[in-house]
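Novice: First the structure, then my questions, so here it is.
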Amino acid sequence: LAKYPWVSLVGPLKVIESVLRGIAQVMFVNNPLSGLIMLLGLLIGNLSAGVGAVAASLVAILVAKVLNFPDEVISAGLTNFSPVLVGTVIPALYPVFFHAPLSVPVWLYLLATSAFSVVVFAGLGNLLGLHKIPAYTLPFNVATSITFLCMRAAGYALPAPEAATASNDTSLLQGDEEEVEWDRVLMGTLLSVGQVWAVESVPCSVLILVGAFLCSPILTLACFLGGAIGTFTSLVVSSAPYSAVYSGVWGYNGFLAGGAIAFFMIPTGRNLFLASVNAVFATFIMAALLPVFVANQLPVFTFPFCLGSVLMLAATIAAAPENLVASPSTPE
Amino acid sequence: LAKYPWVSLVGPLKVIESVLRGIAQVMFVNNPLSGLIMLLGLLIGNLSAGVGAVAASLVAILVAKVLNFPDEVISAGLTNFSPVLVGTVIPALYPVFFHAPLSVPVWLYLLATSAFSVVVFAGLGNLLGLHKIPAYTLPFNVATSITFLCMRAAGYALPAPEAATASNDTSLLQGDEEEVEWDRVLMGTLLSVGQVWAVESVPCSVLILVGAFLCSPILTLACFLGGAIGTFTSLVVSSAPYSAVYSGVWGYNGFLAGGAIAFFMIPTGRNLFLASVNAVFATFIMAALLPVFVANQLPVFTFPFCLGSVLMLAATIAAAPENLVASPSTPE
Amino acid sequence: LAKYPWVSLVGPLKVIESVLRGIAQVMFVNNPLSGLIMLLGLLIGNLSAGVGAVAASLVAILVAKVLNFPDEVISAGLTNFSPVLVGTVIPALYPVFFHAPLSVPVWLYLLATSAFSVVVFAGLGNLLGLHKIPAYTLPFNVATSITFLCMRAAGYALPAPEAATASNDTSLLQGDEEEVEWDRVLMGTLLSVGQVWAVESVPCSVLILVGAFLCSPILTLACFLGGAIGTFTSLVVSSAPYSAVYSGVWGYNGFLAGGAIAFFMIPTGRNLFLASVNAVFATFIMAALLPVFVANQLPVFTFPFCLGSVLMLAATIAAAPENLVASPSTPE
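Protein chains in written order, with the numbering used here: chain Z, 1 to 332; chain A, 333 to 664; chain G, 665 to 996.
Right under this line is the structure:
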């Protein structure tokens, strides 16, 4: 299906296919049908995030054309997956971090961020390409971090409402005695799927898993396993209260970390083990980066996944280059 | 003129030419006459900065000789342009950030910083050279950041005078109602030229523009356009009061960002567009880095320009390598 | 001795030799006897650190085997020297930074950190290898920083005891008038040897020097010179009270920086000069990084040495590639 002859189709269809593939590429799936199901999930989970993903993708395709990207890279959605995340994460996290509703300037920032992320994708791709290592979603992370800091500098952030702070304090006080609620940890594992796109919604997570499973069961299992490992590891490297664990925030880096190894390496038992280690690694890095990012009032985005996976892939390439798949599509 | 036969001249003249070319190289101009006019501008705008530029250059030439740099690199001023910035920025910004007058130990730090910046230039040049990407003024940024942090650690900083803090508070209170004064924004665009060397002075800016224009009108226009774009973009990504905008502080990264693309790429309409995008990009990055640097009581120097331009050049090379000029001298 | 035929020995002996070589490799010495003497020093100076070094090395050898590292890299101890530092630094610094005694979870973190540092070693080795530059102890720095931040996030840190804070305040007040006690500066130079492993102990430092001297007198002298330069330079870039100088904390980056150049370059007068410059450079970087790391409640580890030496080695390779030793073993 990945080789479906779509070049012959007319322009708008090509654009739609590129947009859909870009949505699925976030979790390494190169398939428009999977992308369509995932987009449905996003729209159900958070309407703004779904719209943002499409808008950001359209800008990205335009910029990619201006930058003369090869046609097959654009149509495979490779130039769009970072913009897709820009388009979902800004609408989803802006209200949380800036205590303000979405406004027109924020949408303009979103489109500019999408454009910048394509430039960063091209730049980092060139730099890391020499080492045969992908930049993963680093372009999204870099561009969105810059934008969040810009919007804060431009005075977009409203003061945090009193109530939220107060309830936080209370839960912190209760923290030390809190028991881990294992059913909510399991729910957190499921929610971590949608949290990759910063959407916390069970139907969204389920639709994303279904979409991915249609295209590549092994990859989906590796991702899900990574998300579970990340969620459970986070109980060790964070402290109570575990509300962030229950909402899936601690699992999405592990989810991507598991997929990243499964996608670029031949699926053997040893590489599955490495994927698990990578998920633990990403969760450790997340725990480490969190306080540094909080000090700058930034979310950690998917930086932990990117940094861990770049190192892990570089490590495994160095040790055993024959393990790398020649042309990564799906493990099957 | 760039190919002027100067190798046959005697030692001191060679050194003078290298110093002058190094001053002009800050804005990509390889011409001793331009450098002389710019040095005049610097001396008029800020005497200490002008003297510092020359002193730092002399140390840099010495270090470059010890490190066995090729003769043509030294004489083109390529080893000196980071030291030139070290020499102008430390005398210009030290009194502002440390609330203390220049002293002998500060000058010794300046000379050591100049020497280190040459080492960093050689090191980064080697690392980035593999990717065919210049390090721009990163050596200056790295070396001067280290020195500023060192001087603070060594207890050089005096407490900020009360008056300055008070007046800042007042202007912050008035901030929300402040109107943008467009004539002062235009003046800020002009002042941003001198701010590249951290000198805020109209005659200095004019002399620098004249010097650069003599050698390369296209490059000068690209830089000036970048400075204007940066200054106007900053109105979007910063909040009132706009005193920093009016003094040119927000434009110098755009100024360099515009020039960086114009210098390394063939001057077509498309590349002029990319130069403009790069100037916007640099200004976004500046807004993002500012709060992080302020937390460490550091100026952002030209980090925004360097980071943005490295990525942008890497992006454009990846997309269209034929656009890169084979041997960058001047666009003409 | 470096070429001692050990491949024929049985498994456990191979492991022991790899562990011992790994300990000595921290200061570029590839010799099991030196490693044994150094291990003795570590055990005398800080029993937990010595045990930690061995435990971390054993985990590292296992991980290196899983990652399919070539046999000669493992047996030379190259995969172990970062883990050795993980094993000595965590037991030595954990009680200081977390105000809590070592516990079983901390030891488990130690073993996990050791495993991660091997992955980082492989990853960075692959990335920097293209530039023919070693990653030095960066893997140790990255892995241990992450772990310290993780342990803090997981609530391991107890509040600092009042007494310590109070006595600090007192010494800070006396600071401005404090005279430099030169005999204690000299003692700090000696203590800086052990501080490479985060062990502050005269017998430990002496045993380490003896062990290294047996294998390579020139390298040992270059290291010791670097440590002395670092310790004396720190008097310029830090402010009173100088208790950290006296305890050797300011010298260990210079110690390693001196050795790093002596080890990878042909031992000429010019390169000895560069080694000295590198030691000054590392100390400047340390002064610069210290406040940034303190803000995140982290020690600077050996980041200053790594960053300085990567740049300095890249600089010298660029300038004069013939200076690099083809196959670095010992200068003799």
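For every residue, glycine included, the Cβ atom is placed at its ideal position computed from N, Cα and C.
Using the three-state DSSP reduction, which class does G/Q838 fall into: helix, strand or coil?
Specialist: On the third sequence, position 174 is the one that residue 838 of chain G refers to. Residue placement at G/Q838 is poorly supported in this model, since its pLDDT is 44, which falls under 50; the coordinates still yield a value, given next. Residue state, collapsed to three classes: helix.
Novice: From Z/G259 to Z/A275, what distance separates their C-alpha atoms?
Specialist: Here the question's residue 259 of chain Z lines up with position 259 in the first sequence. Here the question's residue 275 of chain Z lines up with position 275 in the first sequence. The alpha-carbon atoms of Z/G259 and Z/A275 are separated by roughly 7 Å.
Novice: Residues of chain Z with CB under 9 Å from G/N744, in chain order?
Specialist: Counting from one through the third sequence, the residue named residue 744 of chain G turns up at place 80. Correct list: empty, because the minimum Cβ distance to chain Z is about 16 Å.
Novice: On the CB-based measure, 16 or more other CB atoms within 10 Å of its CB, does G/M976 come out buried or exposed?
Specialist: By one-based count along the third sequence, residue 976 of chain G stands at place 312. So G/M976 ends up on the buried side.
Novice: Within this structure, are the beta carbons of A/G543 and A/C536 separated by less than 8 Å?
Specialist: Translated into positions along the second sequence, residue 543 of chain A becomes position 211. Translated into positions along the second sequence, residue 536 of chain A becomes position 204. No, they are not a contact pair.
Novice: Run through DSSP, which three-state label would A/M359 get?
Specialist: Taking the first residue of the second sequence as 1, we reach residue 359 of chain A at position 27. The answer is coil: DSSP assigns A/M359 none of H, G, I, E or B.
Novice: Determine whether the beta carbon atoms of Z/C223 and Z/F255 lie at a separation below 8 Å.
Specialist: As a position in the first sequence, residue 223 of chain Z is number 223, starting the count at 1. As a position in the first sequence, residue 255 of chain Z is number 255, starting the count at 1. Taking 8 Å as the Cβ cut-off, Z/C223 and Z/F255 qualify as a contacting pair.
Novice: Using C-beta distances below 6 Å, list every residue in its chain close to G/F745, excluding the 5 sequence neighbours before and after it, in chain order.
Specialist: As a first step, residue 745 of chain G must be located in the third sequence, where it is residue number 81. If we look at G/F745 and ignore the five residues flanking it on each side, its Cβ neighbours are G686, Q689 and V690.
Novice: Starting from the beta carbon of A/F613, find every residue of chain Z whose beta carbon is closer than 8 Å, and list them in chain order.
Specialist: By one-based count along the second sequence, residue 613 of chain A stands at place 281. Going along chain Z in sequence order, the residues near A/F613 (Cβ under 8 Å) are F116 and V119.
Novice: Since G/G912 contacts G/T947 with CB under 8 Å, what's their CB separation in whole angstroms?
Specialist: Along the third sequence, one-based indexing puts residue 912 of chain G at 248. Along the third sequence, one-based indexing puts residue 947 of chain G at 283. 13 Å between Cβ atoms; not a contact.
Novice: When we look at the beta-carbon of A/V345 and count the other beta-carbons within 10 Å, is it buried (16 or more) or exposed?
Specialist: Here the question's residue 345 of chain A lines up with position 13 in the second sequence. First, the residue type needs correcting, since residue 345 of chain A is Leu and not Val in the sequence shown. With fewer than 16 Cβ atoms within 10 Å of its Cβ, A/L345 is classed as exposed.
Novice: Do A/D418 and A/S449 have their C-beta atoms closer together than 8 Å?
Specialist: As a working mapping, residue 418 of chain A is identified with position 86 in the second sequence. As a working mapping, residue 449 of chain A is identified with position 117 in the second sequence. Sequence inspection shows Val at residue 418 of chain A; the Asp mentioned does not correspond to that position. Yes; because the gap between Cβ atoms is below 8 Å, this pair is in contact.
Novice: Using 10 angstroms around the beta-carbon of G/T932, count the other beta-carbons present and answer buried if the total reaches 16, otherwise exposed.
Specialist: Here residue 932 of chain G corresponds to residue number 268 of the third sequence, with the count starting at 1. G/T932 comes out exposed.
Novice: For G/P963, return the contacting residues in chain A, with the cut-off set at a CB-CB distance below 8 Å.
Specialist: Taking the first residue of the third sequence as 1, we reach residue 963 of chain G at position 299. Those within 8 Å of G/P963 in chain A number zero; the least Cβ separation is about 15 Å.
Novice: Any beta-carbon of chain G closer than 8 Å to the one on A/L539?
Specialist: One-based indexing of the second sequence puts residue 539 of chain A at position 207. Not an interface residue.
Novice: Three or more C-beta pairs closer than 8 Å, one from the region 233–243 of chain Z and one from the region 64–71 of chain Z: is that the case here?
Specialist: Touching, no.
Novice: Would a check of beta-carbon distances place Z/L311 closer than 8 Å to chain G?
Specialist: The residue you call residue 311 of chain Z lines up with position 311 of the first sequence. At least one chain G Cβ lies under 8 Å of Z/L311.
Novice: Okay, do the region 467–483 of chain A and the region 420–430 of chain A touch, 3+ Cβ pairs below 8 Å being the bar?
Specialist: Result yes; three or more Cβ-Cβ pairs closer than 8 Å.
Novice: Give the residues of chain A in contact with Z/S145, contact being defined as C-beta atoms less than 8 Å apart.
Specialist: The residue you call residue 145 of chain Z lines up with position 145 of the first sequence. A620, listed in chain order.
Novice: Against Z/G339, what residues of chain A qualify as contacts under a CB-to-CB distance less than 8 Å, listed in chain order?
Specialist: The displayed coordinates of chain Z run from 1 to 332. Any statement about residue 339 of chain Z would go beyond what the structure contains.
Novice: In or out: Z/F273 buried (at least 16 other Cβ within 10 Å) or exposed?
Specialist: Walking along the first sequence from the start, residue 273 of chain Z turns up at place 273. So Z/F273 ends up on the exposed side.
Novice: Quick one: which residues of the region 207–231 of chain Z get their C-beta closer than 9 Å to a C-beta of chain G? List them in chain order.
Specialist: Residues: none.
Novice: Note down, in chain order, every chain Z residue with its Cβ under 7 Å from the Cβ of G/F814.
Specialist: Position 150 of the third sequence, counting from 1, holds the residue named residue 814 of chain G. A quick correction: the sequence has Cys, not Phe, at residue 814 of chain G. Going along chain Z in sequence order, the residues near G/C814 (Cβ under 7 Å) are V237, F284, A287 and A288.
Novice: Once you ignore the five residues that flank G/P765 on each side, which residues in its own chain have a CB closer than 8 Å to its CB?
Specialist: Here residue 765 of chain G refers to the residue found at position 101 of the third sequence. Excluding positions up to five away in sequence, the list reads P759.
Novice: Using only alpha-carbon positions, find the residue among Z/S243, Z/V84, Z/P70 and Z/A157 that is nearest to Z/L58.
Specialist: Reading the first sequence from its first residue, position 58 is the one you call residue 58 of chain Z. Per the Cα distances, Z/V84.
Novice: Suppose only complete runs of 4+ residues qualify. What are the alpha helix (DSSP H) ranges in the region 729–754 of chain G, listed by chain order?
Specialist: Fully enclosed alpha helix (DSSP H) runs of 4 or longer: 735–739.
Novice: Do the region 107–116 of chain Z and the region 618–634 of chain A meet, that is, are 3 or more Cβ pairs less than 8 Å apart?
Specialist: The region 107–116 of chain Z vs the region 618–634 of chain A: no contact.
Novice: Assuming G/G709 is part of the alpha helix (DSSP H), what are its boundary residues?
Specialist: Here the question's residue 709 of chain G lines up with position 45 in the third sequence. Counting along the chain, the alpha helix (DSSP H) containing G/G709 begins and ends at P696 to G709.
Novice: Alpha carbon to alpha carbon, what distance is there between Z/G45 and Z/Y252?
Specialist: As a working mapping, residue 252 of chain Z is identified with position 252 in the first sequence. As a working mapping, residue 45 of chain Z is identified with position 45 in the first sequence. Whole-angstrom Cα-Cα distance: 16 Å.
Novice: On the three-state DSSP scale, how would you describe Z/A56?
Specialist: Position 56 of the first sequence holds residue 56 of chain Z. Residue state, collapsed to three classes: helix.
Novice: Return the first residue and the last residue of the alpha helix (DSSP H) that A/I550 is part of.
Specialist: In the second sequence, residue 550 of chain A corresponds to position 218, counting from 1. First-last of the alpha helix (DSSP H) with A/I550: P549 to V569.
Novice: For G/Q859, which of helix, strand or coil comes out of DSSP?
Specialist: To locate residue 859 of chain G, count along the third sequence from 1; it is residue 195. If DSSP states are grouped into helix, strand and coil, G/Q859 belongs with the helices.
Novice: Give every residue of the same chain whose Cβ lies closer than 6 Å to the Cβ of Z/F140, excluding the five residues on either side of it in the sequence, and list them in chain order.
Specialist: As a first step, residue 140 of chain Z must be located in the first sequence, where it is residue number 140. Cβ neighbours of Z/F140 beyond the five flanking positions: S82, L85, V86 and S117.
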